[in-house]
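Per the numbering used here, the sequence shown runs over residues 1 to 296. A virtual CB, placed ideally from N, CA and C, is assigned to each residue, including glycine. Owing to the predicted nature of the structure, the values given are computational and were not obtained by experimental measurement. Right, one structure below, let's go through it.
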Amino acid sequence: MRLRRPLLLAAVFSAIAFAVVPNARATRFADQPCPESGPGAVRICPDGVVGQSYAIKLAGDAGCGPALPYQYRVLNGTLPPGVSLSQDGELSGVPTSAGNWDFWVELSDQDPPSASWCIPKKSQREFLIRVGIPAATIGTPYSFKLGAGVVGAQAWSIVSGVLPRGLTLDPVAGIIAGTPEAAGSFALTFSVLENGGKSATLDFTLTVYPELVFATARLEPARIGQRFRSRVRTIGAVGAVRFRVLSGHFPIGVRLDGNAGVIRGQPRKRGVFRFTIQAQDSLGRLVQRPFKLAVR
Numbered sequence: 001m002r003l004r005r006p007l008l009l010a011a012v013f014s015a016i017a018f019a020v021v022p023n024a025r026a027t028r029f030a031d032q033p034c035p036e037s038g039p040g041a042v043r044i045c046p047d048g049v050v051g052q053s054y055a056i057k058l059a060g061d062a063g064c065g066p067a068l069p070y071q072y073r074v075l076n077g078t079l080p081p082g083v084s085l086s087q088d089g090e091l092s093g094v095p096t097s098a099g100n101w102d103f104w105v106e107l108s109d110q111d112p113p114s115a116s117w118c119i120p121k122k123s124q125r126e127f128l129i130r131v132g133i134p135a136a137t138i139g140t141p142y143s144f145k146l147g148a149g150v151v152g153a154q155a156w157s158i159v160s161g162v163l164p165r166g167l168t169l170d171p172v173a174g175i176i177a178g179t180p181e182a183a184g185s186f187a188l189t190f191s192v193l194e195n196g197g198k199s200a201t202l203d204f205t206l207t208v209y210p211e212l213v214f215a216t217a218r219l220e221p222a223r224i225g226q227r228f229r230s231r232v233r234t235i236g237a238v239g240a241v242r243f244r245v246l247s248g249h250f251p252i253g254v255r256l257d258g259n260a261g262v263i264r265g266q267p268r269k270r271g272v273f274r275f276t277i278q279a280q281d282s283l284g285r286l287v288q289r290p291f292k293l294a295v296r
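Next up, the structure:
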């Protein structure tokens, strides 16, 4: 009977050790979606673009998670204006200012804890989001104000690189404006002089895309009751292109495949049918063109 108490205590200590072991590893940030730029260095998040939706979700590892939800909060630094961090780790919003935005985030297991076996742990890391300037299109008027977050700017200048032909920089307002005439990617370094004589530099790449236009000028005639297939094409598109009928209508038995831009079917009525097709690329650029299809 005297041996039972030591055995009981040993069993209790073993149970406690078992409960603590799963939480022995330090809480840390997962490598994705913001991998380290080097061992223990700042974590680089996917780039954003002014005026375009941004959404990523941070992830934790070790500690009590994922059995208990991780929690995230900004300790210091500055998120891109227009972007916020939710408690569950989602960075989302629409950036309103270009630049390099660095900030510190704290990750915790759960605070306050709701499970007796969890001893909350915390981890802090520095993150960086680069927000670029919007792309331009040849032949389309462009205007963008640099450094919306710069207070008291007095003068802007380009210290490296050249703006695309057709665009100019207003040195007082810090606005790039004009109608670009050349496509390409233009690496630029801007210098801004702030109140008090303090200066700063901003590095951006301005991309100018070719104009989005229809390459297809006309459709071959179709014959009543016979299979018809014709594809409308665009040039200058970025990414996938979606097509839709903006106005008018096809002959009965004929339809448009919006993903492929293919008009197909077996027309059941003679005549000349007029319609306007609109194309949209992954940048949201739109172009439209009227067509007519003769059915003989």
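- Nearest C-alpha to S84 among F103, P69, V192 and S37: F103.
- Under the three-state reduction of DSSP, N195 is assigned to helix.
- Between V94 and G132 a beta carbon distance of about 14 Å is seen, past the 8 Å cut, so the two are scored as non-contacting.
- When the five nearest sequence neighbours on each side are left out, the beta carbons in the same chain lying within less than 7 Å of the beta carbon of I44 are those of C34, P35, S37 and L128, in order along the chain.
- Within its own chain, the residues whose Cβ lies closer than 7 Å to the Cβ of D281, once the five positions on either side in sequence are excluded, are L212, A237, V238, G239 and V241, listed in chain order.
- Here K122 is exposed: its Cβ has fewer than 16 other Cβ atoms, across all protein chains shown, within 10 Å.
- Around A294, the same chain offers P221 and V272 as residues with beta carbons nearer than 6 Å, after the five sequence neighbours per side are excluded.
- Contiguous beta strand (DSSP E) elements confined to the segment 180-234 occur at 184-194, 199-209 and 228-231, taking only those with 3 or more residues.
- When rounded, the separation of the alpha-carbon atoms in W156 and V105 is 33 Å.
- According to the DSSP secondary-structure assignment, D109 is paired through a beta bridge with no residue.
- Around the Cβ of G89, a 10 Å sphere holds 16 or more other Cβ atoms; the residue is buried.
- For the segment 38-104, there is no continuous alpha helix (DSSP H) assignment of 4+ residues that stays within its boundaries.
- Boundaries of the beta strand (DSSP E) around R289: L286 to V295.
- In the three-state reduction of the DSSP assignment, T140 falls in the coil class.
- Taking a C-beta distance under 7 Å as the contact criterion, R223 and R268 do not qualify as a contact pair.
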